[in-house]
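Take a look at the structure set out below.
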Amino acid sequence: MNKKFFIPLIAFIALVSLMLFGLKNDPKVIPSPFIGQEAPEFSLPKLYKPDEMVTAQQMKGEVWVLNLWASWCVSCRAEHKVLSRLINKMQVPTIGLNYKDYGTEDYGDEALRWLAKYGNPYQSVAVDTEGTAGLDWGVVGVPETFVVDKKGIVRYKFTGPVYDEAVDKILVPLITQLRKEEG
Amino acid sequence: MRHLLKGLIVSLLISFMLPTIAVQIEFHSFENAQRERLYLDLIAELRCVKCQNQNLAESNAELARDMRDKTYEMIVAGKSREDVVNYMTARYGDFVLYKPPFKSKTLLLWMGPPILLFLSLFFVLKMVRNQSKALPKQLSDADRDSVRDVLKNNSSSEK
Amino acid sequence: MIPEIGHFALILALSVAVVQGVFPLVGSLIGKHHWVSIAKPASFAQMLFLSLSFACLLYAFLTNDFSVKYVANNSNSEMPTLFRVSALWGAHEGSLLLWALVLGGWGAAVGFFSKGIPPVMLARVLSIMGLIGVGFMLFMIMTSNPFERLLQIPLEGRQLNPLLQDFGLAVHPPMLYMGYVGLSVAFSFAMAAMIDGKLDAAWVRWARPWTNIAWMFLTLGITLGSWWAYYELGWGGWWFWDPVENASLMPWIVGTALIHSLAVTEKRASFKAWTILLCILGFSLSLLGTFLVRSGILTSVHSFASDPERGLFILIFLLVVIGSSLILFAFRAHKFKSVGAFSLVSRESGLLVNNVILIVMTATVLLGTLYPLIIDAFGSGKISVGPPYFNNVIVPLGVLLYITMGFGFFLRWKKDEPSRILKKVWIPLAVSLVFAFVLPLVTVSDFNFKTSLGLFLGSWVSLAALMWVVSLGRSPFKLPMAAWGSVIAHIGMSMTVIGITLVSIYDTEKDVRLEVGQSYELAGYKFAFKNVESVKVDNYIANRATIDVTQNGKLVNIMHPEKRDYGPDQMPMTEAGIDAGFTRDLFVALGEPLGNNAWSFRLYHKPFVRWIWLGGALMGFGGLLAAFDKRYRRMRKIIVEPVQVKSSQSDSKDKQSTTSGVTV
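Chains as they are written, first to last, in this note's numbering: chain A, 2 to 184; chain B, 4 to 162; chain C, 44 to 707.
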């Protein structure tokens with residue numbers, strides 16, 4: 002019996018183990034390289050007060066959340082209740098980044114109507130008509146939610162609509178913990 | 004089968020109308036051919052991060068268009084290839100590059116094939132050399148004559 | 044009613060497959076002849092039931108029976124008949140039924156054309172194939188049943204993805220499946236040989252024609268896929284190293300190594316363990332491909348809807364099939380000691396080097412395809428591995444491959460002299476070099492190392508093949524088909540490499556804005572925008588442009604690219620105009636109206652792109668010829684000849700001798 006003939010079998014077992022991992026893994030969710038980095042700066046007009054600007058710089062000193070959303074996004078509608086619950090419970094200031102929505106040819110002022118209909122949980126809504134700020138934050142799709150700490154460092158990115166379990170198990174503890182840190 | 008094949012060849016040669024998804028035709032002007040080449044190369048090498056495996060050049064997605072626009076913007080502003088790549092990877096990680104960067108974690112990927120090639124060839128040829136020793140040796144002409152003599156003598160002695 | 048019959052037929056086929064898989068195999072091991080003889084009729088019965096099942100599903104498609112969930116999801120009554128038929132294998136469940144049908148077909152064919160194969164071996168081969176069928180059919184019935192009904196019957200089915208409503212869908216998957224499944228025959232023969240444990244390589248002779256035909260189908264399937272992508276997707280690309288494309292390429296590369304290895308084992312009783320391993324590897328990669336496409340672990344434009352539960356089933360199936368074959372290999376391979384020794388410079392050695400390069404290429408493609416997953420598994424984030432990687436790594440390997448390919452034709456079996464080789468090769472080497480450097484200079488006044496490399500490799504292999512066939516010293520009509528097959532297939536490979544080289548380096552593309560009456564010149568061709576009109580056809584409204592293409596004032600073609608609107612729910616489709624030619628393709632796609640009677644167009648000039656697929660067609664044709672060589676058709680006549688040893692007192696010995704053939 003020659004040991005070298007066992008090599009293909011061993012290689013195959015390794016391959017199957019890799020496949021097993023693959024089955025549990027979602028290849029499409031990409032981690033944000035911003036985790037641990039300073040939040041990208043933006044300066045965008047407020048939806049309700051277009052003369053005033055929202056910036057990331059303004060939010061320094063407290064833990065805050067950036068939520069990318071749009072009126073044309075069905076999942077955003079789905080997450081709205083959950084997100085509002087989170088904001089309410091934690092009283093965490095949340096900037097809603099209105100991505101490629103308000104003011105565009107296709108969607109006009111749909112965003113205003115959307116917020117009027119479903120409620121506005123945001124501290125302010127930043128209008129990103131061209132999508133440049135979104136691109137700067139590495140948007141892949143909406144909705145996406147970022148948690149930024151007091152120093153302005155991005156600490157967490159949530160891809161897709163937030164759901165109750167994620168809020169309770171991940172976001173609430175995270176925000177609580179970040180608040181304990183120094184500003 | 005031959006007719007089928009002939010027909011296949013013929014059909015490959017004739018002109019006809021064929022459906023494709025709507026092609027995004029964009030007009031970008033560049034100051035020279037090198038900048039244009041850089042743009043075309045980059046949009047082929049950068050991945051559309053929300054697509055099912057397409058590069059920026061082929062994708063119809065809006066995000067892909069935004070990324071193409073950003074690339075164009077940067078190139079026209081005189082930025083280098085490295086600048087564009089850094090911008091994209093800062094936002095999307097190495098995932099956005101279809102050419103995996105040469106890092107410690109991709110060492111196996113880039114070095115694996117050439118190393119495998121050399122090792123396999125080395126071991127296989129060594130194995131061949133070993134078993135080739137089992138080949139019957141070629142007789143020299145002198146040896147061949149003496150063997151013939153021996154055989155001749157033997158057969159004649161038996162008669 | 045009919046779908047239920049189809050469902051029932053599928054269950055019957057499964058039962059037959061179980062019987063076919065178990066009884067003949069067990070019978071062969073414990074000596075029960077009655078059980079052994081079940082194999083052939085079982086394979087026919089299985090084929091019968093699978094055909095019935097397939098026919099029922101086909102009927103459901105043809106009659107627009109939307110009570111069947113699969114039909115409702117993939118077809119509607121407005122689709123032309125051809126597409127309603129192809130929609131059968133357009134998605135997961137139906138494509139599995141096609142897989143099972145093709146497997147049943149190959150099994151029945153092996154059973155039918157099996158004269159000369161000892162019943163015990165045949166029984167084992169068919170049993171293994173039956174067991175594979177059990178896996179697929181069980182998978183279907185348990186997780187992916189194409190006959191599932193809908194309680195609420197929709198009035199109309201869903202539209203099949205317009206991209207798939209194309210001739211390509213009618214031919215590409217069936218060809219590929221014929222290839223994937225065909226490799227299971229070689230696999231089953233190898234398994235039977237290992238179970239048998241005997242030293243002789245007779246099984247190789249039986250396996251060869253089946254493998255050649257499987258390889259032919261796989262070649263044609265991949266060629267068709269590349270061609271389809273080229274005209275369908277509109278950006279002129281023909282290969283993207285997408286995971287699913289790679290999943291088809293890997294078994295093909297191994298299949299290529301296998302057909303050469305089988306040749307050596309048959310002729311020289313060498314490479315025995317190699318050949319068995321390649322048989323296992325080829326089909327394993329087919330199965331792995333099936334897994335990759337349907338499990339969702341890799342992102343691809345081609346993948347079916349992903350479902351990890353289904354993925355797990357396939358993975359377990361993979362584990363059982365490949366695992367058992369590799370365990371058997373680990374324990375049995377040492378018995379297959381090769382007999383014929385050969386020198387370092389010999390044809391055997393050349394083919395071995397050839398196979399090493401092919402295996403390294405396969406391993407590279409596998410590594411690149413799975414690397415993102417490996418990185419992720421080790422927690423190092425996500426990366427992408429795309430064409431820049433594959434092109435950079437595969438091309439050098441390809442260069443090595445083509446060089447050895449050429450040399451292979453000149454090498455003698457068993458033992459050869461380097462000096463003799465050099466004498467033979469210097470002429471074709473020189474001619475190829477001259478051709479490679481002079482031709483581009485003369486035709487396009489260009490010197491490009493890559494161009495010349497590609498031209499050199501292509502002409503080197505073709506010249507080597509032609510010189511070899513001439514050196515056989517017979518009239519062309521008296522040569523065995525296998526010889527012709529080999530020459531034609533290798534010339535096909537030359538065509539493909541030349542096509543790839545030239546189109547990659549010299550293709551041009553331009554997006555232009557043209558007003559009516561304006562023209563643009565690209566690569567010596569003038570594209571004149573004559574007019575655009577709105578036409579309404581069937582279920583779409585189109586803007587149809589007329590482009591006159593001229594070269595040096597002479598009219599080449601009038602093209603009509605269209606932009607079609609299929610309604611508010613569908614994406615607009617571009618219907619490109621292609622002027623296909625032997626030496627170049629011209630491609631025009633209509634873009635958007637830009638105001639002032641102007642439209643955007645994309646123009647392509649693709650030199651020699653057709654050579655890529657014509658080369659592939661030639662390769663397939665070569666494989667076909669080789670499979671139908673007289674030696675295999677005359678298999679049953681085993682000539683027993685007494686061999687007289689001259690001037691020797693020893694007894695004449697009876698020897699089994701093979702029918703004469705040219706050493707290919």
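Backbone N, C-alpha and C define an ideal beta-carbon position, used for all residues, glycine too.
CB of residue i within 8 Å of CB of residue j, strictly
| i | j | result |
| --- | --- | --- |
| alanine 11 (chain C) | proline 197 (chain C) | Since the first residue shown for chain C is 44 and the last is 707, residue 11 (chain C) is missing from the structure and cannot be characterised. |
| leucine 203 (chain C) | asparagine 117 (chain C) | yes |
| serine 247 (chain C) | threonine 308 (chain C) | The amino acid at residue 247 (chain C) is misidentified as serine; the sequence shows valine. Yes, they are a contact pair. |
| lysine 108 (chain B) | serine 427 (chain C) | no |
| serine 291 (chain C) | glycine 268 (chain C) | yes |
| lysine 458 (chain C) | leucine 138 (chain B) | yes |
| phenylalanine 104 (chain C) | leucine 144 (chain C) | no |
| proline 174 (chain A) | asparagine 68 (chain A) | no |
| phenylalanine 372 (chain C) | isoleucine 319 (chain C) | yes |
| leucine 369 (chain C) | proline 41 (chain A) | no |
| threonine 412 (chain C) | proline 286 (chain C) | yes |
| leucine 141 (chain C) | proline 217 (chain C) | yes |
| leucine 172 (chain A) | leucine 116 (chain A) | no |
Burial state of residue i, where buried means 16 or more other Cβ atoms lie within 10 Å
| i | result |
| --- | --- |
| arginine 674 (chain C) | buried |
| arginine 679 (chain C) | Residue confidence for arginine 679 (chain C) is low, a pLDDT of 48 falling below 50, so the modelled location carries little weight; the figure read from the coordinates is stated next. With fewer than 16 Cβ atoms within 10 Å of its Cβ, arginine 679 (chain C) is classed as exposed. |
| serine 703 (chain C) | A caution first: serine 703 (chain C) carries a pLDDT of 34, below 50, which makes its placement in the model unreliable, though a value can still be read off. Exposed is the call here. |
| methionine 259 (chain C) | buried |
| histidine 215 (chain C) | buried |
| glutamate 605 (chain C) | buried |
| isoleucine 531 (chain C) | buried |
| threonine 177 (chain A) | exposed |
| methionine 180 (chain C) | buried |
| leucine 11 (chain B) | Summary for leucine 11 (chain B): the model assigns pLDDT 48, below 50, so the residue's position carries little reliability, and this model does not support an answer. |
| serine 158 (chain B) | exposed |
| lysine 129 (chain B) | exposed |
Sequence-distant residues of the same chain with beta carbon closer than 6 Å to residue i, five excluded per side
| i | result |
| --- | --- |
| phenylalanine 478 (chain C) | Ser502 |
| leucine 84 (chain A) | Val163 |
| serine 170 (chain C) | Gly64, Pro67, Leu68 |
| alanine 632 (chain C) | Gly277, Pro604, Thr617, Ala619, Arg645 |
| isoleucine 418 (chain C) | Ile426 |
| leucine 263 (chain C) | Met218, Gly663 |
Residue i beta carbon near the ligand NAD (any heavy atom closer than 7 Å)
| i | result |
| --- | --- |
| leucine 144 (chain C) | The ligand content of the structure shown is nil, which means the ligand NAD is not present either. |
Neighbourhood of residue i by C-beta distance below 8 Å, restricted to the same chain and skipping five residues each side
| i | result |
| --- | --- |
| phenylalanine 356 (chain C) | Phe182, Met185, Thr186 |
| serine 86 (chain C) | Gln63, Gly147, Gly150, Ala151, Val153, Gly154, Leu169, Met172, Gly173 |
| leucine 21 (chain A) | none |
| isoleucine 78 (chain B) | Phe33, Arg38, Leu41, Tyr42, Leu45, Val87 |
| proline 46 (chain C) | Cys99, Leu100, Ala103, Asp108, Ser110, Val111, Phe190, Arg192 |
| leucine 112 (chain B) | Pro103 |
| alanine 250 (chain C) | Val228, Ala229, Phe232, Ala233, Leu305, Cys322 |
Same chain only: Cβ atoms within 7 Å of residue i, ignoring 5 sequence neighbours per side
| i | result |
| --- | --- |
| glycine 616 (chain C) | Per the sequence shown, residue 616 (chain C) should be read as methionine rather than glycine. Excluding positions up to five away in sequence, the list reads Pro205, Arg607, Tyr609. |
| serine 562 (chain C) | Lys569, Phe570, Ala571, Phe572 |
Original post:
Between the stretch 215–231 of chain C and the stretch 614–629 of chain C, do at least 3 Cβ pairs fall closer than 8 Å?
Top reply: For the pair of segments examined, the stretch 215–231 of chain C was found not to touch the stretch 614–629 of chain C: the number of CB pairs separated by less than 8 Å stays below three.
Original post:
Looking at C-beta atoms only, is the number of pairs between the stretch 446–456 of chain C and the stretch 384–397 of chain C that lie closer than 8 Å three or more?
Top reply: Touching, yes, given that three or more Cβ pairs across the two stretches are closer than 8 Å.
**OP:** Quick one: which residues of the stretch 78–100 of chain C get their C-beta closer than 9 Å to a C-beta of chain B? List them in chain order.
**Re:** Per Cβ criterion, the list is empty.
**OP:** Using a Cβ-Cβ cut-off of less than 9 Å, list which residues of the stretch 129–156 of chain A approach chain B; keep chain order.
**Re:** Listed by position, the residues of the stretch 129–156 of chain A near chain B (Cβ gap below 9 Å) are Glu131, Gly132, Thr133, Gly135, Leu136, Asp137, Trp138, Gly139, Val140, Val141, Gly142.
**OP:** Would you list, in chain order, the members of the stretch 407–437 of chain C that have their beta-carbon closer than 9 Å to a beta-carbon of chain B?
**Re:** Within the stretch 407–437 of chain C, the qualifying residues are Thr407, Leu410, Gly411, Tyr414, Pro415, Ile417, Ile418, Phe421, Ser423, Gly424, Lys425, Ile426, Ser427, Val428, Gly429, Pro430, Pro431, Tyr432, Asn435, Val436, Ile437.
Original post:
Per the contact definition of three or more C-beta pairs closer than 8 Å, is the stretch 652–667 of chain C in contact with the stretch 527–544 of chain C?
Top reply: Flag = yes, the stretch 527–544 of chain C and the stretch 652–667 of chain C touch.
**OP:** Determine contact between the stretch 235–242 of chain C and the stretch 270–286 of chain C, defined as no fewer than three beta-carbon pairs at a distance below 8 Å.
**Re:** Too few Cβ pairs lie closer than 8 Å, so no.
Original post:
Three or more C-beta pairs closer than 8 Å, one from the stretch 25–39 of chain A and one from the stretch 144–159 of chain A: is that the case here?
Top reply: Judged by Cβ distances under 8 Å, the stretch 25–39 of chain A makes contact with the stretch 144–159 of chain A, as three or more pairs qualify.
Original post:
If you pair each beta-carbon of the stretch 585–605 of chain C with each one of the stretch 557–577 of chain C, do three or more pairs fall below 8 Å?
Top reply: The stretch 585–605 of chain C makes contact with the stretch 557–577 of chain C, as at least three CB pairs between them are under 8 Å.
Original post:
In the stretch 21–42 of chain A, which residues sit with their C-beta less than 9 Å from some C-beta in chain B, listed in chain order?
Top reply: Here the close residues are Lys29, Ile31, Pro32, Ser33, Pro34, Phe35, Gln38, Pro41.
**OP:** Select from the stretch 231–248 of chain C all residues with a C-beta closer than 8 Å to any C-beta belonging to chain A, and list them in chain order.
**Re:** Here the close residues number zero.
**OP:** Anything in the stretch 338–349 of chain C with a Cβ closer than 7 Å to a Cβ of chain A? List those residues in chain order, please.
**Re:** Answer set for the stretch 338–349 of chain C: Ser338, Ile340, Leu341, Thr342.
**OP:** Pull out every residue of the stretch 84–114 of chain B whose Cβ sits closer than 8 Å to any Cβ of chain A, in chain order.
**Re:** Against chain A - using a Cβ distance shorter than 8 Å - the residues of the stretch 84–114 of chain B are Thr92, Ala93, Arg94, Tyr95, Gly96, Phe98.
Original post:
Going along the stretch 378–392 of chain C in order, which residues come within less than 7 Å of chain B, judged by CB to CB distance?
Top reply: Residues are counted here when their Cβ sits less than 7 Å from a Cβ of chain B; for the stretch 378–392 of chain C these are Ala384, Phe385, Ser386, Leu387, Ser392, given in chain order.
**OP:** Report the residues of the stretch 54–80 of chain B with a CB closer than 8 Å to any CB of chain A, ordered along the chain.
**Re:** Going along the stretch 54–80 of chain B in chain order, one finds Glu65, Leu66, Asp69, Met70, Lys73 with a Cβ nearer than 8 Å to chain A.
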